[in-house]
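K.L.:
Per numbering that gives the first Met the number 0, the sequence shown runs over residues 0 to 214.
The C-beta atom is built at its ideal place from N, Cα and C for all residues, glycine as well.
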Amino acid sequence: MRTRIYTFESDQIVVHWDYHRCIHVEACIRELPSVFCRDERPWIHPERGTADDIVRACEACPTGALHYERKDGGPAEMTPEKNTITVSSDGPLFVKGDVRITDAAGETILTDTRVALCRCGRTRNKPLCDESHLEAGFTAEGALTEAHVKNGDGRESEGGELVIRAIEPGPLTIKGSAEIAGDRSPNCCHVRVGALCCCGKSKNKPFCDGSHAEG
Ligand code: SF4
Ligand code: FES
């Protein structure tokens with residue numbers, strides 16, 4: 000997994016930006032355009048905003064490319080009370096919560112509150128999304144079917160650690176409580192265990208149907 004972290008600092012806050020995790024969703028720019036300035040170099044100017052506003056913009060970043068350290072004594076980022084996985088239309092799985100990603104052997108490769116996981120199979124930064132879905136012309140609905148909802152766990156999600164194991168060539172297995180929803184439909188399902196497609200070939204997206212084994 001590649002990381003290249005740049006740091007931007009004011010007297011109130013330090014902002015860390017990971018170049019390899021930024022897929023230009025631009026949530027930060029929409030939230031605080033005076034600080035996150037796409038067309039300037041450097042592009043982040045923490046001295047132009049308050050720590051509270053910058054925190055809000057960093058936490059809006061769904062990929063975890065942005066993190067911060069407060070120097071003004073304000074609180075650190077809270078872990079969300081429940082884990083959520085948003086299946087984005089034609090794009091990655093946005094995971095929020097108490098997230099631990101491991102490799103196939105169970106070794107931790109990342110812990111975070113926000114990550115974007117590749118589901119098109121084309122990323123060069125596995126298991127994270129690197130925006131290759133655009134180049135690949137990946138299309139997939141950001142929605143769950145009625146069957147997905149019916150086959151879900153039924154119990155409400157209750158938080159706690161969500162362990163996602165990236166098994167090459169697939170799938171991403173889940174252990175822990177999570178709510179899964181599409182970005183284009185109100186349907187959601189709750190899971191305690193499961194396997195999500197990360198090769199882009201499943202006919203039962205966002206879940207794995209074994210298609211990765213077909214080569
Ligand atoms: S919100 Fe995150 S992924 Fe989007 S542009 Fe900002 S840093 Fe990059
Ligand atoms: S879903 Fe973004 S690179 Fe695969």
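Within the structure, which residues are defined as neighbours of the ligand FES by a Cβ-heavy atom distance below 6 Å, reported in chain order?
P.N.:
GLY90, PRO91, CYS117, ARG118, CYS119, ARG121, THR122, CYS128, ASP129, GLU130, SER131, HIS132
K.L.:
Which full runs of the alpha helix (DSSP H) of 4+ residues lie inside the region 22 to 88, going along the chain?
P.N.:
Within the region 22 to 88, the complete alpha helix (DSSP H) runs of at least 4 residues are 26 to 30, 50 to 59.
K.L.:
In the DSSP output, which residue or residues are listed as bridge partners for VAL94?
P.N.:
ILE84, VAL114
K.L.:
Taking the DSSP output, what are the residues bridged to HIS15?
P.N.:
THR6, HIS66
K.L.:
With PRO170 and CYS207 assumed to form a contact (beta carbons below 8 Å), what rounded beta-carbon distance in angstroms separates them?
P.N.:
3 Å
K.L.:
Using a threshold of 7 Å, state whether the C-beta atoms of VAL14 and PRO205 are closer than that.
P.N.:
no
K.L.:
For THR138 and ALA115, I'd like the C-alpha separation in whole angstroms.
P.N.:
CA-to-CA, the gap between THR138 and ALA115 works out to about 17 Å.
K.L.:
Identify, in the order they occur along the chain, each residue of the same chain with its Cβ nearer than 7 Å to the Cβ of GLU160, setting aside the five sequence neighbours on each side.
P.N.:
Result list for GLU160: ASP97, ARG99, GLY175, in chain order.
K.L.:
Nearest-angstrom Cα distance between GLY72 and ALA212?
P.N.:
51 Å
K.L.:
Counting C-beta neighbours from all protein chains within 10 Å, is the total for THR62 16 or more, i.e. buried, or is it exposed?
P.N.:
buried
K.L.:
Whole angstroms is fine: what's the gap from MET0's alpha carbon to ILE108's?
P.N.:
8 Å
K.L.:
Could you check whether GLY141 and ASP182 sit closer than 7 Å to each other, using their CB atoms as the reference points?
P.N.:
Yes, the Cβ-Cβ distance between ASP182 and GLY141 is below 7 Å.
K.L.:
Mapping the DSSP letters down to three states, classify ARG20 as helix, strand or coil.
P.N.:
helix
K.L.:
Using 8 Å as the cut-off, can you tell me whether the region 77 to 86 makes contact with the region 19 to 35, which would need three or more C-beta pairs spanning the two stretches below that distance?
P.N.:
no
K.L.:
Please return the same chain residues whose Cβ sits closer than 7 Å to the Cβ of SER9, not counting the five positions on each side in sequence.
P.N.:
PRO45, GLU46
K.L.:
For THR110, which residues of its own chain have a beta-carbon under 8 Å away from its beta-carbon, when the five flanking residues on both sides are left out?
P.N.:
VAL98, ARG99, ILE100
K.L.:
Give the secondary structure of GLU134 by DSSP, where H, G and I count as helix, E and B as strand, and everything else as coil.
P.N.:
In the three-state reduction of the DSSP assignment, GLU134 falls in the helix class, which pools H, G and I.
K.L.:
Would you kindly report the start and end of the unbroken alpha helix (DSSP H) that includes LYS149?
P.N.:
First-last of the alpha helix (DSSP H) with LYS149: 145 to 150.
K.L.:
Can you tell me the Cα-Cα spacing of GLY105 and PRO126, whole angstroms?
P.N.:
14 Å
K.L.:
Measure how close the beta-carbons of SER210 and LEU143 come, nearest whole angstrom, since I'm counting them as under 8 Å.
P.N.:
That belief does not hold up - the Cβ atoms of SER210 and LEU143 are roughly 18 Å apart, past 8 Å.
K.L.:
The ligand SF4 and SER65: does any heavy atom of the ligand fall closer than 6 Å to the residue's C-beta?
P.N.:
Note that residue 65 corresponds to Leu in the displayed sequence, not to Ser. Yes, the ligand SF4 has a heavy atom inside 6 Å of this Cβ.
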